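Residue numbers (numbering that gives the first Met the number 0): 0 to 271. Even glycine gets a Cβ: it sits at the ideal position worked out from N, Cα and C. Keep in mind that this is a model prediction, so the values were computed, not measured. These notes concern the structure reproduced below.
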Amino acid sequence: MAINITELSGAAGAQIFGLDLTQELSVEDKKALKRAWKDHMVLLLRGQKLSEDEQERFCRVFGEIAGLKSQNSDSKFLFVTNKEDPNVATAVQLGEMMFHYDQAYSEQPCKASTLYSIEIPDVGGNTSFANCCAAYDQLSDEWKGLLETKTALNYFNYDTNPSLRPDKIDPDAPQYSHPVIRTHQETGRKSVYVNRLMTIRINEVEKRESDRILDFLFNLIEDPRNVYEHVWHVDDLVLWDNRCTAHARQHYDPQKRRLLRRMTILDENPVA
0 MAINITELSG
10 AAGAQIFGLD
20 LTQELSVEDK
30 KALKRAWKDH
40 MVLLLRGQKL
50 SEDEQERFCR
60 VFGEIAGLKS
70 QNSDSKFLFV
80 TNKEDPNVAT
90 AVQLGEMMFH
100 YDQAYSEQPC
110 KASTLYSIEI
120 PDVGGNTSFA
130 NCCAAYDQLS
140 DEWKGLLETK
150 TALNYFNYDT
160 NPSLRPDKID
170 PDAPQYSHPV
180 IRTHQETGRK
190 SVYVNRLMTI
200 RINEVEKRES
210 DRILDFLFNL
220 IEDPRNVYEH
230 VWHVDDLVLW
240 DNRCTAHARQ
250 HYDPQKRRLL
260 RRMTILDENP
270 VA
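As structure tokens, then:
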């Protein structure tokens, strides 16, 4: 069966039809997936009953697998959930999580992430994906010139509320500065590489000016015209480009279990 691709929104995202990921993919199928990913940044494959090995095999189409940076575990998977499980590596997270790039606080953030849905609440818990290349394209030439040479400090403390920006920085928590404007190594497109959850300040300007710039950029990135909101079904597999796509989790009832299996893909190149 030939692959069919359906655009999910005008902002980002495409659904892939015609693939069974429990089977080995052909060379042609892999090429088609890579092309679709470059074009749409977020790929959705529904109704895929995947083992861990099958999810990993899919991820390897796009690059090398990243291990877990923040947990004492040999596992390549992180289970994103609101219920602790001592038998697996988990990120226990409740409710809303603001827009962010995975691992933006590290020197070498991952290239891509995948989530496979195992258990989903009836209402809420959607994941929104922001096209940060589109956000860059919407900047005026004056803004582009202003931001081209700027860097921003990204920081994350796992013990804080992910629905609120921090009012102070723990010096022992992971943090790293990256360019505010990032160039995609494969497509050459530029994107706005800041995010509401982790970006604390623009390094080259005073705090008041930094806050003004960041507030403008956060609102631009999160503008509904730049966002695809994904409503999860069980057995969804979603892949997104972490170099140019920020994502956020919407609120849901913490009494309802939400369980997704995450695997990330290494970036071979530094942020530039």
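DSSP places Glu83 outside both helix and strand once states are collapsed to three, so it counts as coil.
Residue state for Arg200 is assigned as strand, using DSSP reduced to three classes. For Pro173, the closest of Asn218, Val41, Tyr115 and Gln102 by C-alpha to C-alpha distance is Gln102.
Scanning the stretch 176-252 from its first residue to its last, the whole beta strand (DSSP E) runs of 3-plus residues come out as 180-182, 189-191, 198-201, 226-229, 236-240 and 244-248. Listed as beta-bridge partners of Arg261 by DSSP are Leu77 and Leu114.
For Asp169, same chain residues with a beta-carbon under 6 Å away, outside a window of 5 residues either side, are Asn156 in chain order. The residue from Asp240, Glu95 and Glu63 with its alpha-carbon nearest to that of Leu196 is Glu95. Secondary structure of Gly144 (DSSP, three-state): helix. The C-alpha of Ala151 lies about 44 Å from the C-alpha of Ala1. Nearest neighbour of Met40 by Cα position, chosen from Glu185, Leu213, His250 and Leu258, turns out to be Glu185. Here the stretch 251-262 lies against the stretch 114-128, with 3 or more beta-carbon pairs under 8 Å apart. Around the beta-carbon of Val179, 16 or more other beta-carbon atoms lie within 10 Å, marking it buried.
Cβ contact annotation for Tyr175 (same chain, cutoff 7 Å, sequence separation greater than five): Tyr104, Ser105, Glu106 and Asn153, in chain order. The alpha-carbon of Ile212 is positioned some 16 Å away from that of His177. Non-local beta-carbon contacts of Phe57 in its own chain, meaning distances under 6 Å to residues more than five positions away in sequence, involve Leu20 in chain order. In the displayed model, Val41 falls within a strand according to three-state DSSP. By the Cβ neighbour-count rule, Gly46 is exposed, with fewer than 16 other Cβ atoms within 10 Å of its own. In the DSSP assignment, Tyr104 falls outside any beta strand (DSSP E), carrying neither H nor E.
Looking at the backbone, the Cα of Cys243 and that of Val191 are separated by about 8 Å.
In the three-state reduction of the DSSP assignment, Gln14 falls in the strand class, which pools E and B. With contacts defined as CB atoms closer than 8 Å, Gly17 and Asn3 qualify as a contacting pair. Annotation for Met262: Gln54, Glu55, Cys58, Ile64, Lys75, Phe76 and Thr113 place their beta carbon closer than 7 Å to its own, counting only its chain and skipping 5 residues before and after. The alpha-carbon separation between Asp235 and Leu43 amounts to approximately 7 Å.
Secondary structure of Leu138 (DSSP, three-state): coil.
Sorting Val79, Phe78 and Trp36 by C-alpha distance to the C-alpha of Gly62 places Trp36 at the top.
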